[in-house]
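Please read the structure below before turning to the comments.
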Amino acid sequence: MSTTPTAALSQAGVSIWLDDLSRQRIQTGDLDRLISERDVVGVTTNPTIFATALSQGEAYAAQLHELAAADTNVDDAVFTITTDDVRDASDVFRPIFDRTGGVDGRVSIEVAPDLAHDAAGTIASAKALWTTVDRPNALIKIPATVEGLDAIREVIGAGISVNVTLIFSLDRYRQVIEAYLAGLEHAQAAGIDLSTIQSVASFFVSRVDTEIDKRLDAIGTDEALALKSKAGVANARLAYELYEQVFASDRAQALVAAGANHQRPLWASTGVKDPSLPDTLYVTELVAGGIVNTMPEKTLEATFDHGVVEGDTITGNYAGAAEVLDALAAVGVDYDDVTALLEREGVEKFIVSWHELLDTVRTALEAAR
0 MSTTPTAALS QAGVSIWLDD LSRQRIQTGD LDRLISERDV VGVTTNPTIF ATALSQGEAY
60 AAQLHELAAA DTNVDDAVFT ITTDDVRDAS DVFRPIFDRT GGVDGRVSIE VAPDLAHDAA
120 GTIASAKALW TTVDRPNALI KIPATVEGLD AIREVIGAGI SVNVTLIFSL DRYRQVIEAY
180 LAGLEHAQAA GIDLSTIQSV ASFFVSRVDT EIDKRLDAIG TDEALALKSK AGVANARLAY
240 ELYEQVFASD RAQALVAAGA NHQRPLWAST GVKDPSLPDT LYVTELVAGG IVNTMPEKTL
300 EATFDHGVVE GDTITGNYAG AAEVLDALAA VGVDYDDVTA LLEREGVEKF IVSWHELLDT
360 VRTALEAAR
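Position one of the sequence shown corresponds to residue 0 (numbering that gives the first Met the number 0), numbered consecutively onward.
Structure follows, in structure tokens:
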């Protein structure tokens, strides 16, 4: 029986991953504490997380001096620092990876955001990250842009495990699953053991509400305002329905029979942006078996403290979720425009963070020299 809300969430079939990583967390044992006390079984990273980690504390000082002494350029320094952190975190999570047969104990690292619209560059970067981290429990994050879809097929086909990120629309999510299945078929044809390939599809939640709620406020009618803060959960629930449908197909089942794993849905952007909302909204309203919820520490602690986990809150709510999207269209919210905007903004924000990371490391190298 569960003794904490995070334990209850785990028992309900949700894998809790921390959306944060720093060398300080690894070295101080904080990551071990979150594993033992908060039921954390994986970690996701992104350029913003690394930029924050590098700008705070002294944990990177010694390595920065070594890299400066070796006259390492900025790009190579960032590559070395981030892959070292992911490798060390992967070692922390290795017992969970072994215990769960490779399902959890995963640590994600993202290809450079500048490559979001460069399929060939993304493929090369993904392979370099995978080879350098050199841990079976790593996941390489690739954004779900049109060009990213080509890269996902190729990288999965090469036997590399992938976290597909920045998914906002149901149509794009369907394309992501298609890319995963096609990649598995390529891997199978190449004689790769399909059981060694894992993937998650990161469906962003709170950003959908932020953009749609802004549009509902502008419309201003009672019908529009009544729909505020409902789109994100509804969209994610319909994504889970799509996941169930596609992986029940003959094509997917044939691959599973050959040893392949389901590409699990992952809820990302699960910290609430609107302070008037319950701070566990995107956790407790999105519970079902076989999913991942990657949480910033603030959301993780809120869930541990007062989250109310009542079992599956997704699979019985598909009709209601579809009604929400229909109602949004009826009041004038253009779903396709919203999700296309969010994808563009998501890529742009990560590019900005990536260059902030490069600038941070450049400054530190110059100071060390």
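Note that CB positions come from ideal geometry on N, CA and C, so glycine has one too. Being a predicted model, the structure only gives us computed values, none of them experimental.
With H, G and I counted as helix, E and B as strand and the rest as coil, what does DSSP make of residue i?
i    : result
L165 : strand
R173 : helix
L17  : strand
P46  : helix
G319 : helix
V291 : strand
I211 : helix
G12  : coil
A68  : helix
S198 : strand
E300 : helix
L226 : coil
Beta-carbon within less than 8 angstroms of residue i's beta-carbon, same chain only, minus the 5 sequence neighbours each way: which residues are those?
i   : result
L53 : Y59, I80, L356, T359, V360 and A363
Between the C-alpha atoms of residue i and residue j, what's the straight-line distance to the nearest angstrom?
i    : j    : result
T305 : D273 : It is worth fixing the name first, because residue 305 is His in this sequence and not Thr. If you take the alpha carbons of H305 and D273, they lie about 18 angstroms apart.
D149 : I15  : 29 angstroms
L33  : V39  : 6 angstroms
V91  : S248 : 36 angstroms
T99  : A366 : 44 angstroms
A253 : A287 : 24 angstroms
I211 : D117 : 29 angstroms
A267 : Y334 : 19 angstroms
F246 : D192 : 19 angstroms
R376 : D70  : Outside the shown range of the chain, which is 0 to 368, sits residue 376, and nothing can be said about it.
V77  : V337 : 33 angstroms
I269 : G158 : The sequence as given places Thr at residue 269; Ile does not occur at that position. Roughly 29 angstroms separates the two Cα atoms.
Is it the case that the Cβ atoms of residue i and residue j are separated by a distance below 8 angstroms?
i    : j    : result
V106 : A125 : no
E222 : V330 : yes
I176 : V161 : no
W5   : F203 : Sequence check: residue 5 is Thr here, not Trp. No, they are not a contact pair.
T293 : T312 : no
I25  : D84  : yes
A186 : G147 : no
T82  : V13  : no
Spatial neighbours of residue i within its chain, please: CB distance less than 7 angstroms, with the 5 preceding and 5 following residues excluded, ordered by chain position.
i    : result
I350 : P112 and D113
R93  : G104 and N136
Taking the beta carbon of residue i as the centre, do at least 16 other beta carbons fall within 10 Å, making it buried, or is it exposed?
i    : result
H261 : buried
P142 : buried
K213 : exposed
T121 : buried
N72  : exposed
K229 : buried
T130 : exposed
E57  : exposed
I196 : buried
T314 : exposed
G28  : exposed
S198 : buried
G231 : buried
Can you list, in chain order, the residues of its chain with a C-beta nearer than 6 angstroms to that of residue i? Leave out the 5 residues immediately preceding and following it.
i    : result
A301 : D278 and T279
A320 : A233, R236 and L237
T47  : S352
S168 : T338
R206 : S268 and L341
E109 : N45 and K140
E153 : I122
Closest Cβ-Cβ distance between residue i and chain C: below 8 angstroms?
i    : result
H305 : Although the question refers to chain C, the structure presented lacks it and comprises just one protein chain.
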